[in-house]
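Novice: Residue numbers (the working numbering), protein chains in the order written: chain E, 1 to 345; chain B, 1001 to 1345.
Number of protein chains: 2
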Amino acid sequence: MARRSPERLTIADVAEKAGVSLSTVSRVMNGSTTVDAALTQRVREAAVTLGYTASPLARSLVLGKTQTVAVIVPDLGNPTFQGALRGLSTGAAGENYHVLVADSFEDPSKEAELAREARRRSDGIVLCAPRMTDDELNELLPQISPAVVINRTPTSARVPVVAADYRSGFAQLLAHVKDLGHRKLLFLSGAEGSASNRDRLAAVDAFRAANPNIEISVLTGSVNFADGYASADDVIASDATAVLAFNDLVAMGLLGALTARGVDVPGEVSITGFDDIQFAQYTTPPLTTAAVPTPELGAQAWARMWDLLNGRQPAYNLAFGPLVVPRGSTGRPPKTGDDPHPAAT
Amino acid sequence: MARRSPERLTIADVAEKAGVSLSTVSRVMNGSTTVDAALTQRVREAAVTLGYTASPLARSLVLGKTQTVAVIVPDLGNPTFQGALRGLSTGAAGENYHVLVADSFEDPSKEAELAREARRRSDGIVLCAPRMTDDELNELLPQISPAVVINRTPTSARVPVVAADYRSGFAQLLAHVKDLGHRKLLFLSGAEGSASNRDRLAAVDAFRAANPNIEISVLTGSVNFADGYASADDVIASDATAVLAFNDLVAMGLLGALTARGVDVPGEVSITGFDDIQFAQYTTPPLTTAAVPTPELGAQAWARMWDLLNGRQPAYNLAFGPLVVPRGSTGRPPKTGDDPHPAAT
DNA sequence: CCACCGTGAGAAAACGCTTTCTCATACAAT
DNA sequence: ATTGTATGAGAAAGCGTTTTCTCACGGTGG
C-alpha cells in the first residue's frame, strides 16, 4: 500500500482543489464525455499538480477487476516455465496488465489452493500444473475460471489450452535415434504422473508397437541436472546405446557425469534432450534435442487469456509440434558383435 | 476478480447463516478472543460449509496492505534475475506473501513508472534497475518506500541493498588471467551506465594502475548471447590473449562464435564469464567464471523487505563476494615472440 | 408564458471488508 | 437494592473508488 504518512492523496483532494464534486473528478478521469470542457480542464490540472492517480485497490473493488493475471508454475528454476512466464509477461504488459507469479515447488498438493488464492487477487489464471491429477484439475478449473492451461489437456473441463506436443516431439526423437541405427534405447522418464511425461511414454508405447525389434527400457524420476547426473551409473549398467533424457536439464546432467567417467558421447552412448533451452547448443558435444518455443507458449497463453477477459471466444487450442534439432550428442551406435542389424558401412 | 455469476459469497452470508452480525464473523475470522466459544464455533462451521474466504481486495483496501511485494527486473530472460526472482519468491511464499513481477525490458525510461505503478498494488518494491541513472534512482526510491535494491548502491537514498560485489569478483578474474601469464587483455563490457558494469570498469582501472605493463582494451555494449557471438571478429582483430566477457551469456556466445571459426579456446584465447549460471559448466570448454549466488540474493532481499514490512530495522547491507571458478576456458597464453614476459616453462 | 426536455453536476449508494463506538446483559461489590 | 464494571455483540463509520439517481438550470416548442 502506498505511504499513508504524507496523507494519501484521494479523489476528494482533487475535487476540492478543482472546486467540483468527487463524481465529476471520477467522470473526468474515466473519460466520460458529459463534462463541461472548462471543468474538465480544471480537474485535469488539479490532478496533475497534485500528482494524483486513482487507487488501483479501490478501483478494483468497485470495478470487480484487478488488471492482473496470475501464473502458477511448478518451478521457477525450470527454463521451460521461465520462457513461458516471459512470453506471458510481455503480452500482459502490452495491455497494461500485471502479472502475479506463484511457484508451487513441484508440489501438486499445493497447486490447487495456490491457484484459488491467486485467482482471488487476479482476473484470471494461467496454469502450469503438470503433476496435478486429472480429477483435481477438472474440479479446480471451473472454480478459477477464466483460466488457460499450459502443457496439458484437461479431460473434461472446457478451457483454452496451449501446449507443446511432447508426444510427437518424442516420437521424432525416437525416430532420429532409430534412423541412426540404435536398437537398444533407454528413456530417462520424468516425474510419474506428470502430463508431459505421459505424453512421452505414449510415444514410447507407439514406437514399441511399431518396432518390436527395438528394445526400450525406462528409468523413472529424472527431472533436473542432479537427477541426470545421478543416473549415470544406471545408464552405464544398462547397455543402451542411446539415452533419451526427459529434458535438456537431465540430458546435460547425464552428459556431465558420463564425460567425467570417461564415457565417449556420442561414440559409446548417444544422448538426446528435450526443449532446446538456450544452453543446449553449448554443451560438449552440443545436445541433440527437440525444440519447444517456450516464450511463444506464454505469448499464446496470454492471447487466449485476453480473449477470455474480453468475453470473446478464445482462439483455437494450440499444440506446438517440437522440431528435432540434431547436434553432436547423437551419432551412430558403436559397432559390437551382438548388433542384430549392423549398419551398412 | 472472483466469479460474480454465482453471486459472490460475502461476509453477510456467513453472518446470516450463523445468525450473528457481520462484526462477529469478522472478529472470528481474524482471531479476536472476545467472542463467545459457542458463537465462534457456529461461525466457523457456517464459513466452512459455505466455503467462505474474505475478499483480499476488500481487506487490502481497509487494512492498507496487500500481502504482495513487487519485483522489477530488467529482463526476465536473464538467469541472474531469474535466480533472484526465485529466491525472493521462495521467501515471500514462506510468509504468505504474493509476488508481482514486472519486466522493464532493459528500458530505463520505463523502470521508474513501472515501479511506481507496481508499488501501488503492493506493499513494497524489490528493485533491479542497473541502468537507471543515480539521479532518477534517488528521486524514485523515497516515492516507492519501502524498497530493497538489488545489485547497485544508491548514492543518497537510504535503502537496504543486497548485491554481488562485481568489482571484487572482476578483480579476481583479472588476477586469474594475469597469473596465467596473459599480458594483453580485452574486456567485453556491458551496457554503458549499467551499475554492475561500472563496478567492473572500476576493477579494470585499479588493475591498470597496479599493472602498467599489462594492456587492457575495452569493447562496449555486450550483454547477451548474440552480442557475444557478434563480437568474435573484433575479438580476433584485437590480438588479446584473454577476453573477459561481461557475463556468462556473452562469454558463451563468444565461445560459440570462436569455436565455429576454428579458434582454439583456451589455446589461442582464454575466455572468462561472470555469474556462474547453471550452464557455465557445460560449455566446451567449461567456462571459467566468477560465481554469484543469485537465489541467495533474492532470499536476502526478501529478508530485508520482511524486516521493513514489520517496521524493523533491516539487516545489514550485503555484498556477496563472488568466487572465481577456474575451468577449462582459461589457460596460459600462446607463446609468441613479442611476449615481453614469456612464462617460464 | 408555461410546460417539457436535454444537459451536466452533485448526492448517495455500492463494492466487501475491519474496527471503533455504543449499548445490553449479567455479575460482583457496597 | 443500587451503582459500578466487565464481557461480548450489534450498529455504523470508514477505506477510495465508480455509477446510479436526483435535481437544477436554461433553452425550445406549443
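Cβ atoms here follow ideal geometry from the backbone N, Cα and C, with glycine treated the same way.
#1: Closest to E/A210 by CA distance: which of E/G181, E/A319, E/L174 and E/G228 is it?
#2: For E/L76, which residues in the same chain have their Cβ closer than 6 angstroms to its Cβ, ignoring the five residues on either side in sequence?
#3: Using a Cβ cut-off of 9 angstroms (strictly closer), state whether B/S1060 contacts chain E.
#4: Work out the CA separation of B/P1212 and B/R1116 for me, nearest whole Å.
#5: Mapping DSSP to helix, strand and coil, what is E/H98?
#6: Suppose the cutoff is 6 angstroms on Cβ atoms and the five residues either side in sequence are ignored; what does the same chain contact list for B/R1200 look like?
#7: Could you check whether the Cβ of B/A1093 sits closer than 9 angstroms to any Cβ belonging to chain E?
#8: Going by beta carbon distance, what residues of the same chain come within less than 6 angstroms of B/L1323, once the five residues before and after it are set aside?
#9: Look at the alpha carbon of E/G228 and the alpha carbon of B/A1280, and state the distance between them as a whole number of angstroms.
#10: Which value, in whole angstroms, describes the spacing of the CA atoms of E/L318 and E/V161?
#11: Could one say the Cβ of B/Q1278 lies closer than 9 angstroms to chain E's Cβ atoms, at least one of them?
#12: So the beta strand (DSSP E) E/S270 belongs to, where does it begin and stop?
#13: If you measure between the beta carbons of E/L287 and E/D248, is that distance less than 9 angstroms?
#14: Compare the C-beta of E/M29 against all C-beta atoms of chain B and say whether one is closer than 9 angstroms.
#15: Would a check of beta-carbon distances place E/T53 closer than 9 angstroms to chain B?
#16: Please list, in chain order, the chain E residues whose beta carbon lies closer than 8 angstroms to that of B/D1103.
#17: So, for B/G1256: in the same chain, excluding its five sequence neighbours on each side, which residues have a beta-carbon less than 7 angstroms away from its beta-carbon?
#18: Taking CB distances under 9 angstroms as the criterion, tell me whether B/M1001 reaches chain E.
#19: In whole angstroms, give me the CA-to-CA distance for B/A975 and E/L254.
#20: Use the C-beta contact count for E/E113: other C-beta atoms within 10 angstroms, 16 or more gives buried, fewer gives exposed.
#21: Residue range of the alpha helix (DSSP H) that B/L1140 falls in?
#22: Using 8 angstroms as the Cβ pair cut-off and three pairs as the minimum, do the stretch 289–307 of chain E and the stretch 80–88 of chain E touch?
#23: Based on Cα-Cα distance, which residue from B/V1099, B/H1182, B/N1096 and B/G1094 lies nearest to B/P1266?
#24: In angstroms with no decimal places, state the Cα-to-Cα distance between E/L219 and E/F187.
#25: Where does the unbroken beta strand (DSSP E) through E/K184 begin, and where does it stop?
#26: With distance defined between alpha-carbon atoms, name the residue in B/T1284, B/Q1143, B/T1133 and B/G1321 nearest to B/P1154.
#27: Once DSSP output is grouped into helix, strand and coil, what is the label at E/F320?
#28: At the level of alpha carbons, what is the spacing between B/F1320 and B/N1078?
#29: Do you know whose CA, among B/L1022, B/R1208 and B/A1164, lies nearest B/R948's CA?
#30: Quick check: the Cα distance between B/H1176 and B/L1100, rounded to an integer number of angstroms?
#31: Note down, in chain order, every chain E residue with its Cβ under 8 angstroms from the Cβ of B/M1252.
#32: For the alpha helix (DSSP H) containing E/G124, name the first residue and the last one.
#33: Measure the C-alpha to C-alpha separation of E/R351 and E/R312 and round it to an integer number of angstroms.
#34: Just to confirm before moving on: does the CB-CB distance between B/A1269 and B/V1250 stay below 9 angstroms?
#35: What beta strand (DSSP E) runs, 3 residues minimum, are completely inside the stretch 59–118 of chain E?
#36: For B/A1093, collect the residues of the same chain with a Cβ closer than 7 angstroms to its Cβ; drop the 5 residues on either side in sequence, then sort them by chain order.
Specialist: If we stick to the structure as given:
#1: E/L174
#2: D103
#3: Chain E, which has a Cβ nearer than 9 angstroms to the Cβ of B/S1060, makes this yes.
#4: 46 angstroms
#5: strand
#6: Y1166 and F1170
#7: With its beta carbon less than 9 angstroms from one in chain E, B/A1093 belongs to the interface.
#8: A1291
#9: When rounded, the distance between both Cα atoms is 17 angstroms.
#10: E/V161 has its alpha-carbon roughly 6 angstroms from the corresponding atom of E/L318.
#11: yes
#12: S270 to T272
#13: In terms of Cβ geometry, E/L287 and E/D248 form a close pair [threshold 9 angstroms].
#14: It does not; no Cβ of chain B falls within 9 angstroms.
#15: yes
#16: When 8 angstroms is used as the limit between beta carbons, B/D1103 is near these residues of chain E: R86, S89, T90 and A93, in chain order.
#17: Y1229
#18: In this prediction, B/M1001 scores a pLDDT of 42, lower than 50, which makes its location untrustworthy; no coordinate-derived value is stated.
#19: In the structure as shown, chain B starts at 1001 and stops at 1345, and residue 975 of chain B therefore has no counterpart that could be examined.
#20: exposed
#21: D1134 to I1144
#22: yes
#23: B/H1182
#24: 6 angstroms
#25: For E/K184, the enclosing beta strand (DSSP E) stretches over residues K184 to L188.
#26: For the residues B/T1284, B/Q1143, B/T1133 and B/G1321, the minimum Cα distance to B/P1154 belongs to B/T1133.
#27: Three-state result, E/F320: strand.
#28: 19 angstroms
#29: A question about residue 948 of chain B goes unanswered here, because the residues of chain B that appear run from 1001 up to 1345.
#30: 40 angstroms
#31: F279 and Y282
#32: No alpha helix (DSSP H) contains E/G124, which is instead part of the beta strand (DSSP E) from G124 to L127.
#33: What the structure shows of chain E is the stretch from 1 to 345, and residue 351 of chain E is not part of that stretch, so it cannot be assessed.
#34: Note that residue 1269 of chain B corresponds to Val in the displayed sequence, not to Ala. In this structure, the beta-carbon distance from B/V1269 to B/V1250 does not fall below 9 angstroms.
#35: 68–73 and 98–103
#36: none
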